[in-house]
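Going down the list, the protein sequences come from chains L and A.
Start counting the first sequence at 722; every next residue gets the next number (the working numbering).
Start counting the second sequence at 3; every next residue gets the next number (the working numbering).
What follows is a single structure, written as structure tokens, with notes after it.
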Amino acid sequence: MFQPKPMSKLLIVASKQQLEPVITELYRMNIFHIDDFVEKGDDQWEGFKIGMPLKGADTISSSLVKIRSIASAFGIGSDQLDDVAKAKVQALKQSIERDLPAIADEVEGLLSQRSKLETSIKEYEQKIEALRPFTDAPFPMELLTGYDSISCIAGTVKSKPAIDLPHEIWEKTQKTGLFIAVAVRNEDLAAVERSLLDLQLQKVTIPAETGSAPALIADYEQKIAGIHKEIEQISAKMAEIREKHQYFLMSSEELLSADVEQAEAPLRFATTDLAFAVVGWVPTEQVPKVYETLDRVCAGKVYTTELEIEDYNDGPPVEYNNPDFSHPTELFMDIYSRPKYTEVDPTLLMSIVYPIMFGLILGDVGYGLILLAMSFGLRSLVKGSEAGVQLMNILRNCSISSIIFGVIFSEFFGFSLPWGPLWFSRHIPIGATAEGAHHASAIPQLLVVSIWIGILHITLGRIWGALNASRMEHGHHKSLKMYANIGWILVMWGIIVLIWSKFPIILMPDLTKMPEITGGLNIATVAGAIMLVLGLAFIARENALDLMEVPTIISHVLSYTRLIAVGLSSVAIALVTNFIAIGLIISPQLENLTPVGIVLILVGVVVFLFGHALNTALGILGGGLHPLRLHYVEFFTKFYRGGGKKYNPFGMIRKLTEQN
Amino acid sequence: MAAEAVAVEVAAATASAAGLKAVGAGLAVGLAGVGSGLGEMGIGAAAMGAVAENKDMFGLALLFTVLPETIVIFGLVVALLLMFQ
């Protein structure tokens, strides 16, 4: 809890004969996080070199490349398959050898045929485009080319040209301007061209075709249609192949990826001519299992030992160690940054506080139920994506909290539940809605509650900051950092006590009545001032520039008022929607029903649905992002460092193939 | 007559005080919103660019983007206090 899984550093050494069994076994166990060996030339690893891949790695990789290219041509992925029997490895290997080349050839053939056809479609389209300006020409295309003494120019000009040399011209106004085709003697060509260029001639190449342009275009279009049919046939054939071989392709992809990873594992090992060594991390509780299994597989011909960890800050990979209900929140931690091995892992706290904050913002039974339904309904959309499932679980937890707070606040789509608010009321008197009038709203009280949450949250953040400093820093710097964190707490509480001693605030201790010492200063004022000064001194000892940040104490604490402020805005939208839809549109019509009234009632229903749909969307955004921000900005900045390495064990979870 | 006139005047004064409160609340939220928007404008554009380059930046980018938004929350709180205190 609040700590990642403890890790142990293992060194495995054996002769090269044991290389393959060790790799296979480590891969099967899927718990060993390999520290890649890098040739640094230090004394410790003198004489060791990066290993060579196992035999057969290149042929496996080439088959894998083939399979992946087919899979990408088909657009299939392993997550599209589920609830299938796992393939037997031996049979699969045989069919890879037997069937894969044929399938690959067939698919390649079809793909190249398709791309050829697509190219010819493009060519025909280009020809049609070139012929398009000549559609209305009264002459066949062959009359424009193929003369010895006459040349033709075609193109668009700005206005009608006046050519004083012998010529023949055809013109036609088109969208782009005046299109002309001019035939002139070869010796006049240069002069005519110059005069046309003055009219901003945009020349087009005259297509060397025979026949009239419309007939040619029709002919080409027919050809394109024919090719489209052929492409359709090819696509149908590909779909057939895809349907038939999808499972085979995906399971062999999995098998071969595993094989390639194993075959290339020695690239991460340190080897000599006769032996190899590998360093890696294993969760401490699993260490005996590694010893035992490797010993068994290699018949005792392997040396495994636990190494001392020299620098905890830059070493062990981090695997979360949280109760099940906190797992979804790990997504938010990873978005920010995975914690370092030695620091406090706030996931558990966040998994509790985050839904509470969400509920405080969107405390409404109706919206909560919609979100709960969404969190289950959208699950099929995110199938196969771990982050998506985590997000849905977070949404589920948050919606439950939303329902609970909805019951407490007595809210159902902005209406009041049969009972009054069990806690402070959020009902606001808006317009003439009766709901608001029932219970006096307690908004200042709620704002103070949110400030309390902020004070406690930030204080905890600073305590953890001191804890992290004690674990992660060394020597003089360690105590400076710890005292600085205590200093921040002292400054914050000093300011709070000072305020309490001067102003009585609801739901907070009233220290204004404390015995006075001198000149209007009571004990609390003096105590607060002492805390403030002491705290400032502690902060300044670590870094005097940090004093500039002191005002953020107030802004960070007040920032927590968003929990109530954003929540009230969603309450207000709900109330206003209800007031407009029911109070202004539907109710007056119901009193005196007319045909027009029924239409208006329908309009009212639409307004009602639209308003609440909008409010639900805003609720997810507001309720989701604001607590996240409070954690990331106000809470994490007090203690969290992050930057831990992800624990990524050597191995894979097989979905489609059996473990061999 | 005089008493009625005074009553009307008092009522008008109360109403205009409430109206001014509402105007103040609106200004508090609106102006704070404009400020936040201006702040987030540049940060958001830069954050998008950073995330497009490197997806790992998402968390940090989100953090920076929402920083100025505290201002509008303060505006909202002030408005709420004005309206319901």
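Glycine included, every Cβ here is placed at the ideal spot set by N, Cα and C.
| query | result |
| --- | --- |
| Is there at least one Cβ from chain A nearer than 8 Å to Gly1364 (chain L)'s Cβ? | no |
| So which residues of chain A does Ala1286 (chain L) contact, with C-beta pairs closer than 7 Å? | Ile75, Leu78, Val79 and Leu82 |
| Give me the subset of the stretch 1265-1276 of chain L whose CB atoms are less than 8 Å from a CB atom of chain A, sorted by chain position. | Ser1276 |
| Can you tell which of L:Gly1249, L:Leu1188, L:Leu1349 and L:Gly1135 has its C-alpha closest to the C-alpha of Thr1337 (chain L)? | L:Gly1135 |
| For Leu69 (chain A), which residues in chain L fall below 9 Å Cβ to Cβ? | Arg1350 and Val1354 |
| Secondary structure at Leu852 (chain L), three-state DSSP: helix, strand or coil? | helix |
| Give the residues of chain A in contact with Ser1280 (chain L), contact being defined as C-beta atoms less than 9 Å apart. | Thr72, Ile75 and Phe76 |
| Could you check whether the Cβ of Ile1303 (chain L) sits closer than 8 Å to any Cβ belonging to chain A? | no |
| Tell me where the alpha helix (DSSP H) around Lys1010 (chain L) begins and ends. | Val1008 to Val1018 |
| Against chain L, with Cβ distances strictly below 8 Å, would Leu65 (chain A) count as a contact? | yes |
| Between Val905 (chain L) and Ala936 (chain L), what straight-line distance do the alpha-carbon atoms span, to the nearest angstrom? | 26 Å |
| I'd like to know if the stretch 858-874 of chain L and the stretch 978-986 of chain L are in contact, where contact means that at least 3 CB-CB pairs between them fall below 8 Å. | no |
| Could you tell me whether any Cβ in chain A is nearer than 8 Å to the Cβ of Thr1154 (chain L)? | Residue placement at Thr1154 (chain L) is poorly supported in this model, since its pLDDT is 47, which falls under 50; the coordinates still yield a value, given next. No - not a single Cβ of chain A is within 8 Å of the one on Thr1154 (chain L). |
| Is Ser1290 (chain L) close to chain A? Criterion is C-beta to C-beta, closer than 8 Å. | yes |
| For Arg1183 (chain L) and Ile1307 (chain L), I'd like the C-alpha separation in whole angstroms. | 54 Å |
| Express the C-alpha separation of Glu1064 (chain L) and Val1212 (chain L) in angstroms, rounding to a whole number. | 24 Å |
| Between which two residues does the alpha helix (DSSP H) holding Leu1093 (chain L) run? | Val1086 to Gly1098 |
| Between L:Asn1118, L:Leu886, L:Leu1266 and L:Thr1315, which has its C-alpha nearest Leu1090 (chain L)'s C-alpha? | L:Asn1118 |
| Identify which residue in L:Pro1049, L:Ile1115, L:Phe1360 and L:Ala858 has its Cα closest to the Cα of Ile1207 (chain L). | L:Phe1360 |
| Using the Cβ count rule (16 or more neighbours within 10 Å means buried), how would you classify Glu930 (chain L)? | buried |
| Nearest to Ile781 (chain L) by alpha carbon, out of L:Leu1028, L:Glu985 and L:Gly1021? | L:Glu985 |
| Would you give the residue range spanned by the beta strand (DSSP E) that Arg906 (chain L) belongs to? | Gly898 to Arg906 |
| Tell me the residue span of the beta strand (DSSP E) that contains Lys893 (chain L). | His888 to Gln895 |
| Applying a beta-carbon distance threshold of less than 9 Å, which residues of chain A neighbour Ser1162 (chain L)? | Phe86 |
| Name the DSSP bridge partner or partners of Glu1027 (chain L)? | L:Leu731 |
| Can you name the residues that DSSP bridges to Lys1202 (chain L)? | According to DSSP, which records beta bridges pairwise, Lys1202 (chain L) is partnered with nothing at all. |
| To which residues of the same chain is Met1203 (chain L) closer than 6 Å at the C-beta, ignoring the five residues directly before and after it? | Ala1187, Ala1190 and Ser1191 |
| So, helix, strand or coil for His1277 (chain L), using DSSP? | helix |
| Any Cβ of chain A within less than 8 Å of the Cβ of Leu1335 (chain L)? | no |
| With a threshold of 6 Å on Cβ separation, who are the neighbours of His1318 (chain L) within its own chain once the five nearest residues in sequence on each side are excluded? | It should be pointed out that residue 1318 (chain L) corresponds to Gly in this sequence rather than to His. Only Gln1310 meet the Cβ criterion. |
| Note down, in chain order, every chain A residue with its Cβ under 8 Å from the Cβ of Tyr1368 (chain L). | What Tyr1368 (chain L) touches in chain A: nothing, since even the nearest Cβ is about 17 Å away. |
| Could you list which residues in chain L have their beta carbon closer than 8 Å to that of Gly37 (chain A), in chain order? | The premise fails here: Gly37 (chain A) is roughly 14 Å from chain L at the closest Cβ pair, so nothing lies under 8 Å. |
| If you draw a straight line from the alpha carbon of Phe1356 (chain L) to that of Val79 (chain A), how long is it in whole angstroms? | 21 Å |
| Which value, in whole angstroms, describes the spacing of the CA atoms of Pro727 (chain L) and Thr745 (chain L)? | 25 Å |
| Check distances from the C-beta atoms of the stretch 1034-1058 of chain L to those of chain A and list, in chain order, the residues that come in under 7 Å. | Ile1056, Tyr1057 and Ser1058 |
| Is the stretch 990-998 of chain L close to the stretch 757-774 of chain L, with three or more CB pairs under 8 Å? | yes |
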